[in-house]
Amino acid sequence: MQNLTDISKRGFASNWFGGNNTGAKIDPRQKKFNEFLKNVADYEDNLDDNLHPYSKEQGPLAGFATGEGTMKYMERNNDIIPEENFKTPFNSDLKISSLGVGTYVGAPDDETDYYMYNGIKTSVLSGGINMIDTAINYRYQKSERVVGAVLDSLVNKYGYTRDEFFVATKGGFIADDSQNGIPGRIIIEDLISEGKLKKEDVIQGNIHCIHPAFLEKQLDLSLKNMNLETVDLYYLHNAYEMQGPNHSSDVVMDRLGAAFEFLESKVEEGKIKNYGMATWLCFRAQPSEEKIYLNLQKVVEMAEKVCGKDNHFNYIQAPINVMMAEAFVEPWQEFTEQKGDETVTTKEMLVAICNILEINLVSSQPLFQGKLAGLSLPNQMGVENVAARHLQLIRSIPTRCLLSTLVGMKDSKNVKNNLEVVKKPLMTKEEWFDVLQPQKNPGNNIEKKS
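Right, dumping it as structure tokens:
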């Protein structure tokens with residue numbers, strides 16, 4: 000079998016295109032992308048890579064990320080990828096790449112499927128990325144289906160195993176299905192007619208819902224889209240951002256509690272391994288911002304109350320970049336603890352709270368959807384490309400809780416620049432603070448109880 004590292008090096012040329020077979024159904028040189036997801040096997044068989052033919056297994060891929068599997072992935076290309084590129088979640092033996100693939104941006108068309116597919120595949124073949132993040136509403140369900148197609152190819156053609164990858168998805172937004180022409184509201188209408196859901200359980204306009212009956216439909220559909228038996232992480236997607244402004248705090252917390260209880264049952268069933276909250280603003284807001292701010296400690300306490308101390312609420316996701324730096328700069332998260340006979344409440348940075356509570360943090364939007372790609376940063380990070388410097392800066396934030404930083408991978412040039420980062424060591428604490436001059440050190444709380 001041809002060396003997979005060699006294939007990834009060629010991935011920006013021949014591996015993104017068909018071979019010399021002019022009858023290939025997919026050929027970007029001729030702008031032939033029609034029904035790409037249905038023709039992945041044909042596309043793979045026509046690649047100039049000398050690997051054995053693509054053989055798609057019937058049925059979903061079994062398994063989930065394991066310590067042994069992710070270690071195997073880490074060791075595949077350890078001659079070019081520093082070991083420290085991989086981090087270990089709290090209370091786990093997994094090895095997760097500090098840079099992950101995001102799948103949010105893009106039109107719901109075949110051409111985007113093609114480029115996203117190849118971007119994810121090339122990222123994994125690099126040996127430096129085994130974290131893949133998606134959501135059922137991204138590109139009207141097409142992003143999940145691309146992820147599923149990539150995983151099928153990696154396992155059935157390229158010799159990987161399911162346990163090498165950490166796959167996360169999200170539910171809550173009511174997602175249309177563009178590929179099959181099915182409006183998302185159909186699921187809501189069916190659940191209401193069956194008496195499993197009430198209209199007041201749904202945010203006006205059929206936008207968002209975290210009722211267990213709806214989440215069950217979404218989870219099963221996500222697993223089908225990705226052709227998986229188990230997803231490693233299932234987030235409630237912008238749950239507080241959508242629910243908080245529309246309901247009282249008590250109602251929202253009750254709904255979160257019911258959703259957590261449902262997700263905990265899915266852990267027991269083997270459909271998910273962990274759950275969490277993928278957020279936009281709630282964990283970056285100030286306590287004075289009513290119906291926007293959410294206290295992470297209270298969420299963790301609620302999870303313990305509803306699901307027990309050994310619950311699987313282990314992750315949150317939040318945007319972090321140089322323009323949205325609240326997580327590691329602003330002490331806005333309130334934390335209450337008992338000190339002797341006294342109850343003391345302090346305000347801490349989000350990363351400090353995550354360290355105290357042992358909640359893993361996944362950061363999103365390091366380039367703010369490309370808006371920061373041209374914003375210059377100092378060049379002492381050992382990375383030439385400006386956008387890649389932003390990735391290096393964010394993934395290197397010196398705090399135990401930060402597990403992975405997500406970035407989109409589609410355009411071959413951007414993928415190549417992004418992958419330069421995983422070949423570099425993480426910045427040291429001293430190097431990281433030097434980049435932030437003249438605000439050299441916002442305080443040791445960034446590493447509090449790490």
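Residue numbers (numbering that gives the first Met the number 0): 0 to 449.
C-beta atoms are modelled at their ideal positions from N, C-alpha and C, and glycine is treated no differently.
Confirm, please, whether the CB-CB distance from residue j to residue i is below 8 angstroms.
{"i": "His389", "j": "Asn320", "result": "yes"}
{"i": "Ser362", "j": "Leu405", "result": "yes"}
{"i": "Ile206", "j": "Ser403", "result": "no"}
{"i": "Val421", "j": "Ile80", "result": "yes"}
{"i": "Asn179", "j": "Gly127", "result": "no"}
{"i": "Asp132", "j": "Phe35", "result": "no"}
{"i": "Ala450", "j": "Gln140", "result": "In the structure displayed, the chain extends from 0 to 449; residue 450 sits before or after that span and is not available."}
{"i": "Ser395", "j": "Leu349", "result": "no"}
{"i": "Gln364", "j": "Pro318", "result": "yes"}
{"i": "Ala326", "j": "Phe259", "result": "no"}
{"i": "Pro59", "j": "Leu220", "result": "no"}
{"i": "Pro397", "j": "Lys428", "result": "yes"}
{"i": "Met380", "j": "Val328", "result": "no"}
{"i": "Val273", "j": "Asp231", "result": "A small fix is needed here, since residue 273 is Asn in this sequence, not Val. For Asn273 and Asp231, yes; Cβs fall inside 8 angstroms."}
{"i": "Asn45", "j": "Ala23", "result": "yes"}
{"i": "Ala386", "j": "Glu419", "result": "no"}
{"i": "Ala134", "j": "His51", "result": "no"}
Report the option in the options whose CA atom is closest to the CA atom of residue i.
{"i": "Glu228", "options": "Gly147, Phe312 and Phe282", "result": "Gly147"}
{"i": "Lys156", "options": "Gly180, Asp41 and Leu98", "result": "Asp41"}
{"i": "Tyr116", "options": "Arg144, Glu82 and Tyr137", "result": "Arg144"}
{"i": "Glu74", "options": "Leu93, Pro88 and Thr342", "result": "Leu93"}
{"i": "Thr278", "options": "Lys270, Gly243 and Phe261", "result": "Gly243"}
{"i": "Arg399", "options": "Gly68, Thr69 and Asn359", "result": "Asn359"}
{"i": "Lys297", "options": "Asp189, Glu333 and Glu267", "result": "Glu333"}
{"i": "Glu336", "options": "Leu349, Glu325, Ala317 and Leu356", "result": "Leu356"}
{"i": "Val414", "options": "Gly373, Asp433 and Lys120", "result": "Lys120"}
{"i": "Gly450", "options": "Thr102, Pro107, Gln285 and Ala106", "result": "Coverage of the chain is limited to positions 0 through 449, which leaves residue 450 absent and any answer about it impossible."}
{"i": "Lys423", "options": "Leu401, Ser411, Glu429 and Glu383", "result": "Glu383"}
{"i": "Asn245", "options": "Glu268, Gly269 and Asp200", "result": "Asp200"}
{"i": "Met70", "options": "Ile25, Lys30, Ala23 and Tyr159", "result": "Tyr159"}
{"i": "Lys91", "options": "Phe261, Leu374, Leu366 and His311", "result": "Lys is not the amino acid found at residue 91; the sequence shown has Ser there. Taking only the C-alpha atoms, the option nearest Ser91 is His311."}
{"i": "Glu82", "options": "Gly68, Phe89 and Ser97", "result": "Ser97"}
{"i": "Arg283", "options": "Gly170, Met323 and Tyr72", "result": "Met323"}
{"i": "Ser54", "options": "Leu153, Lys24, Glu288 and Lys338", "result": "Leu153"}
{"i": "Glu67", "options": "Gly373, Gly194 and Arg161", "result": "Arg161"}
{"i": "Tyr137", "options": "Ser192, Lys197 and Gly170", "result": "Gly170"}
{"i": "Ile315", "options": "Lys86, Asn129, Ile352 and Ser411", "result": "Ile352"}
{"i": "Tyr292", "options": "Asn313, Glu268 and Trp331", "result": "Trp331"}
{"i": "Tyr72", "options": "Lys30, Ser122 and Ile25", "result": "Ser122"}
{"i": "Asn129", "options": "Asn76, Ile181 and Ser142", "result": "Asn76"}
{"i": "Val266", "options": "Leu374, Asn313 and Asp253", "result": "Asn313"}
{"i": "Lys412", "options": "Tyr114, Glu289 and Lys198", "result": "Tyr114"}
{"i": "Lys86", "options": "Glu430, Phe432 and Leu401", "result": "Leu401"}
{"i": "Asp253", "options": "Gly269, Lys304, Ser264 and Glu268", "result": "Lys304"}
{"i": "Gly183", "options": "Arg28, Gln57, Cys208 and Gly339", "result": "Cys208"}
Would you please state the rounded distance, in angstroms, between the beta carbons of residue i and residue j? I believe it to be under 8 angstroms.
{"i": "Val104", "j": "Gln368", "result": "6 angstroms"}
{"i": "Tyr234", "j": "Ile271", "result": "Actually they do not touch by this definition, with Cβ atoms about 10 angstroms apart."}
{"i": "Phe172", "j": "Glu110", "result": "With a Cβ gap of about 24 angstroms, Phe172 and Glu110 do not count as contacting."}
{"i": "Asn417", "j": "Met408", "result": "6 angstroms"}
{"i": "Leu150", "j": "Met225", "result": "7 angstroms"}
{"i": "Leu255", "j": "Ala238", "result": "6 angstroms"}
{"i": "Cys306", "j": "Glu240", "result": "Not quite, the Cβ-Cβ distance comes to about 23 angstroms (not below 8 angstroms), so this is no contact."}
{"i": "Pro107", "j": "Ser177", "result": "4 angstroms"}
Check whether the Cβ of residue i sits closer than 7 angstroms to any heavy atom of the ligand NAP, and report yes or no.
{"i": "Ala324", "result": "Within the structure as shown, the ligand NAP is missing, as the structure has no ligands at all."}
Determine, using beta carbons only, whether residue i comes closer than 8 angstroms to chain D.
{"i": "Asp132", "result": "The question asks about chain D, but that chain is absent: this structure has only one protein chain."}
### Query
Counting pairs of Cβ atoms below 8 angstroms between the segment 37-52 and the segment 246-256, do you hit three or more?
no
### Message
My parser needs the beta strand (DSSP E) runs of 3 or more residues fully inside the segment 86-174; what are they?
### Response
98-101, 130-132 and 165-170
### Query
Touching or not, the segment 155-169 and the segment 50-64, by the rule of three or more beta carbon pairs under 8 angstroms?
Short answer: they touch.
### Task
Kindly provide the ranges of any beta strand (DSSP E) runs that are 3 or more residues long and lie completely inside the segment 383-410, ordered along the chain.
401-407
#### Entry: Stretch-stretch touch, CB-based, cutoff 8 angstroms, three pairs: the segment 266-283 with the segment 334-343
no
### Query
At which residue ranges does the segment 292-325 contain complete beta strand (DSSP E) runs of 3 or more residues, listed in the order of the chain?
Within the segment 292-325, the complete beta strand (DSSP E) runs of at least 3 residues are 312-318.
### Message
Quick check for students: name the residue ranges of the beta strand (DSSP E) that lie wholly in the segment 205-248, counting only runs of 3 or more.
### Response
232-236, all fully within the segment 205-248.
### Task
Could you tell me whether the segment 286-297 touches the segment 214-221, where touching means 3 or more Cβ pairs closer than 8 angstroms?
Taking 8 angstroms as the limit for Cβ pairs, the verdict is that the segment 214-221 does not touch the segment 286-297.
#### Entry: Sequence ranges, alpha helix (DSSP H) only - wholly within the segment 248-284, length at least 4
Taking only runs of at least 4 residues, the alpha helix (DSSP H) segments lying wholly in the segment 248-284 are 248-268.
### Query
Whole alpha helix (DSSP H) runs in the segment 339-383 with 4 or more residues, listed along the chain?
349-356
#### Entry: Runs of alpha helix (DSSP H) wholly within the segment 38-66 (minimum 4 residues, chain order)
Entirely contained in the segment 38-66, the alpha helix (DSSP H) runs reaching 4 residues are, in chain order, 39-44.
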